[in-house]
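Under this note's numbering, the first residue of the sequence shown carries the number 42, and numbering increases by one thereafter.
Report on the structure given below.
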Amino acid sequence: MVILNDIIEAIEAVAPVAWQESYDNAGLQVGNRFQSVSGAVICLDVTEAVVDEAIALGYNLIVSHHPLLFKGLKSITGSSCVERIVVKAIQHNIAIYAAHTNLDNAPGGVSFRMARKLGLIDVRVLDPMPGLLMKLVTYVPESHVEPVRTALFEAGAGHTGNYDQCSFGQVGEGTFRPGLHAKPYCGVIGELHREPETRLEVIVPVYAQGTVMAALKRSHPYEEPAFDWIPLANRWEQVGAGVVGHLPEPVDEMLMLEKLKETFEVGCVKHSPLHGRKISRIALCGGAGASLMSKAVAAGADMFVTGEIRYHDYFEFESRILLAEIGHYESEQYTKEIFCEIIQKKFPTFAIHSTQVDTNPINYL
Numbered sequence: 042m043v044i045l046n047d048i049i050e051a052i053e054a055v056a057p058v059a060w061q062e063s064y065d066n067a068g069l070q071v072g073n074r075f076q077s078v079s080g081a082v083i084c085l086d087v088t089e090a091v092v093d094e095a096i097a098l099g100y101n102l103i104v105s106h107h108p109l110l111f112k113g114l115k116s117i118t119g120s121s122c123v124e125r126i127v128v129k130a131i132q133h134n135i136a137i138y139a140a141h142t143n144l145d146n147a148p149g150g151v152s153f154r155m156a157r158k159l160g161l162i163d164v165r166v167l168d169p170m171p172g173l174l175m176k177l178v179t180y181v182p183e184s185h186v187e188p189v190r191t192a193l194f195e196a197g198a199g200h201t202g203n204y205d206q207c208s209f210g211q212v213g214e215g216t217f218r219p220g221l222h223a224k225p226y227c228g229v230i231g232e233l234h235r236e237p238e239t240r241l242e243v244i245v246p247v248y249a250q251g252t253v254m255a256a257l258k259r260s261h262p263y264e265e266p267a268f269d270w271i272p273l274a275n276r277w278e279q280v281g282a283g284v285v286g287h288l289p290e291p292v293d294e295m296l297m298l299e300k301l302k303e304t305f306e307v308g309c310v311k312h313s314p315l316h317g318r319k320i321s322r323i324a325l326c327g328g329a330g331a332s333l334m335s336k337a338v339a340a341g342a343d344m345f346v347t348g349e350i351r352y353h354d355y356f357e358f359e360s361r362i363l364l365a366e367i368g369h370y371e372s373e374q375y376t377k378e379i380f381c382e383i384i385q386k387k388f389p390t391f392a393i394h395s396t397q398v399d400t401n402p403i404n405y406l
């Protein structure tokens with residue numbers, strides 16, 4: 042039996058909710074995280090037809106890229122499509138979970154999948170996120186340095202770029218005087234004690250702070266270990282919006298536009314004027330990524346591909362970079378593959394179904 046919380050943990054191990062943008066509402070939206078789940082329908086958008094599809098299949102979980110609920114509902118009367126979906130989901134015990142901008146910002150997320158489909162190489166994040174890292178500093182008696190260090194690593198601390206188990210240690214001397222009600226690991230109540238200690242430092246993702254703190258308290262011999270949490274201005278280079286990478290070989294502008302049409306199965310590609318340049322370095326952002334165009338130019342991209350671009354942005358950037366707009370839904374359509382891969386890897390026998398419902402609200406004549 043698979044519990045919904047197990048599915049959530051598998052997804053959030055790849056895309057922690059802490060990585061979502063401030064305006065977003067990722068996470069469990071309908072349902073009890075401890076209910077058993079019979080199967081999952083994977084989609085980009087939750088529509089009434091998708092809920093009906095889940096009912097027909099006998100599945101009681103919908104995993105969506107876009108949240109059903111962005112803002113709180115003041116009433117649930119069935120007067121809007123969102124309200125009707127919530128009512129029907131509750132009536133049929135169907136849970137609804139969304140991973141949106143947290144998956145956009147995740148390594149291997151939406152924009153990385155676009156890059157893979159286009160065959161880009163040397164792909165990196167275009168706009169790394171700030172505020173995702175902290176430094177934990179603690180002081181450990183020499184006899185327990187390695188057990189504490191190991192516990193912190195196992196809890197998720199010590200990752201830096203392509204390296205893990207990263208830490209810094211500096212030997213020094215700690216002093217303390219146990220109070221009347223203390224239960225000291227070393228020293229005598231009422232007397233000043235000097236202990237050889239190591240100052241141990243590790244980098245910790247903000248989302249793992251609670252887990253790492255619990256590991257520190259479990260592994261440290263002191264009843265009240267000393268520690269400091271220091272916010273870092275460092276950007277996490279592997280986490281953020283958009284990507285940039287290279288084609289194996291430069292191609293003509295028109296050939297690249299045609300490749301976009303074919304790869305993303307779009308009827309048309311909106312683009313800025315052609316200038317007869319070769320396309321080698323390409324920046325990508327799934328969804329509405331127009332805010333990253335200046336980042337794409339700064340990264341030396343010859344072309345920027347996203348789902349939505351504002352009219353006036355074409356004027357501002359058209360001479361500096363080839364802009365291509367393929368549609369919001371079309372740019373994120375392969376997100377369903379990511380969800381399926383995450384769940385299948387963790388639960389190989391769990392029933393999942395990539396929706397056959399076209400949830401794109403935009404139609405082309």
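C-beta atoms are modelled at their ideal positions from N, C-alpha and C, and glycine is treated no differently.
Computed from a prediction, not measured in an experiment: that's the story for all the values here.
Linking residue 182 to residue 268 through their CA atoms gives a straight-line distance of about 13 Å. Looking at the backbone, the Cα of residue 196 and that of residue 61 are separated by about 22 Å. Contact check for residue 68 against residue 139 passes: the beta carbons are separated by less than 8 Å. Rounded to the nearest whole angstrom, the C-alpha separation of residue 244 and residue 303 is 43 Å. Residue environment: residue 100 is assigned as buried (16 or more neighbouring CB atoms within 10 Å of its CB, all protein chains considered).
Cβ contact annotation for residue 171 (same chain, cutoff 7 Å, sequence separation greater than five): 274 and 276, in chain order. Here residue 132 is exposed. Its C-beta has fewer than 16 other C-beta atoms within 10 Å. With 16 or more neighbouring CB atoms inside 10 Å of its own CB, residue 143 falls in the buried class.
The C-alpha of residue 164 is placed about 60 Å away from the C-alpha of residue 231. In this structure, the beta-carbon distance from residue 391 to residue 87 does not fall below 8 Å.
Using a 10 angstroms sphere on the CB of residue 185, the tally of other CB atoms reaches 16 or more, which defines it as buried. Cβ-Cβ distances below 6 Å link residue 95 to 82, 103 and 135 in the same chain, with the five nearest sequence neighbours on each side left out; the list follows chain order. Bounds of the beta strand (DSSP E) holding residue 209 are 209-217.
Contact between residue 236 and residue 215 holds: their C-beta atoms lie close to 5 Å from each other, under 8 Å. DSSP places residue 122 inside the alpha helix (DSSP H), whose first and last residues are 122-132. Spatial neighbours of residue 122 in its own chain (CB-CB distance under 8 Å, excluding positions within 5 residues in sequence) are listed in chain order as 88 and 89. Per DSSP, reduced to three states, the secondary structure at residue 349 is coil, with no helix or strand assignment. Take the alpha-carbon of residue 327 and the one of residue 240: they are about 43 Å apart. DSSP lists 214 as the beta-bridge partner residues of residue 237.
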